[in-house]
Structures are given as C-alpha cells and as structure tokens.
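S.K.: Here you go, one structure.
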Amino acid sequence: MQPLFRVVNMAPFLSFVLSAVVAGIVAVSAEDLLSCGDAMYFPSQYTCFDGNFLCPIINGDRNLRCGADCYSTSQYTCSDDTLQLKPQDGADTLENCGDARFSASQYVCFDGDFLCPIIDGTATLRCDDACFDPTQYTCTDGALSPVPAPTTSAAPPAPSCVSHFGDSQICSDQGCLQLACCPGLFAVADKCRSPCDFNPSDPSCTGSS
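Taking mature numbering (1 follows the signal peptide of the UniProt record, and there is no 0), I'd label the letters of the sequence shown as residues -30 to -1, 1 to 179.
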C-alpha cells in the first residue's frame, strides 16, 4: 500500500499545511475502503481529487487540494497552486522547520524539515512522506495501513451453579470471577466440595439413620 497522499515539500508561505494527514476520530470499522490511485482510504476521512490525490477530512472540515498540498479553507487560501496563510488574531510565534515557518501549537517538526500537524491536542507522526494518527493507522517500512477494528469474543454464560468438584472460579487476563456452588456444596481450593468429602462417615453421607 502506498502512502495515502503527499505531504507538502517545505516551501515558503507555510505550504506544509495538512498534506498527507491521517486524521479524524470517526468509527471506520463498518466502512468500506475505496481506492484513489494506488492508495486505499475511508470516505469519511478523505476526499479523492483527480482520481489519485487524497486530502483529509478533519473534524468535519473537508480539506481541498492546492497543487501538491491539502489545505483548510479556514486557515489558508490557494492561488495558482500556491498556499497563503490567512491572517490570524493572536497568532503564535513562528518557528523554523527547514524552509518553512510554523506554529508550535499546531505542528511538530520531524528531522529538521518535515512538519506534521497537531490534531485535537494529539501530534500526528511521520511515516515516510506522510503524517498519520497512530490510533487510526500503523506505519510499516514507510507504508500506512488502517488499524484493524478490535475484535471482542463474548464470554460463555456463567452456569447458574457449579456442581460437585467443579471449578468455583473462572480466571482471565482481566481477573477472576467467583461462581456459586450448587446447594449443599461449598468452595474449597477453587473447587465446589461436599461436606461428605471431609466427613464420609457422617450418617447423612452414608445414608444411615
């Protein structure tokens, strides 16, 4: 699987914006993957432009294509395939990352010249030429893959009571569940035992009057 889309090459005017971002905190386990060129994507998280270029949907904000980049219309404008940062009130002090300038509250600089955005307080990570959310994707040898949806197996229903010499508890990685012994039995060393096991000469055990 190829990286989902390109991250902007470091260039003036903050043209690093949001390219190759794997974002969005939406449930995708029930969604079908679609193809966009050589990449596969979830339509709730991305938009495919020109049949081979993916841009993310972040918190409902559908990013658009601008040349080789993706951008949010709330932060940038696009003219002649070049991004321009919109004026921001109370903007943070900009720092350098290669040839680009960035706000440390919005981006993280990797390897001195590669920017990945901070989304909902969580920094995305670098995977070759892409940025990704580690809760949604994994990176192997520079290629992104969706994280498989967790599978849960239903535990077997607990019996109404445990018979003679049955286990009085069931343990798993999450802890132990104590089970009720059937009437006339009691738990000893994780087994349901009968009083007759310990006093077989008792008349009630031998049937003698």
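We treat Cβ as the ideally placed atom computed from N, Cα and C, and that holds for glycine.
Give the list of continuous beta strand (DSSP E) stretches no shorter than 3 residues that lie fully inside the region 11 to 89.
M.R.: DSSP runs (the beta strand (DSSP E)) wholly in the region 11 to 89: 16 to 19, 23 to 28, 34 to 36, 39 to 41, 46 to 49, 52 to 55, 64 to 67, 70 to 73, 77 to 80 and 84 to 89.
S.K.: Who are the near neighbours of G136 in its chain, counting only those whose CB is closer than 6 Å to its CB and skipping five residues on each side?
M.R.: Result list for G136: C162, in chain order.
S.K.: Let's see if you can read the secondary structure: which residues bound the beta strand (DSSP E) around C175?
M.R.: Counting along the chain, C175 falls outside any beta strand (DSSP E), though it belongs to the alpha helix (DSSP H) covering P173 to T176.
S.K.: Following the continuous beta strand (DSSP E) through V158, name the residue where it begins and the one where it ends.
M.R.: Per DSSP, V158 belongs to the beta strand (DSSP E) from F156 to V158.
S.K.: Exposed or buried, what is D2 when buried is set at 16 or more other beta-carbons lying within 10 Å of its beta-carbon?
M.R.: Per the 10 Å Cβ criterion, exposed.
S.K.: Among A38, T108 and S14, whose alpha-carbon lies nearest the alpha-carbon of D98?
M.R.: Closest option to D98, Cα to Cα, is T108.
S.K.: Under 8 Å, do I89 and D69 count as touching if we go by C-beta distance?
M.R.: Not a contact, by the Cβ cut-off of 8 Å.
S.K.: Determine the DSSP secondary structure at P165, reduced to helix, strand or coil.
M.R.: Note: P165 maps to helix in three-state DSSP.
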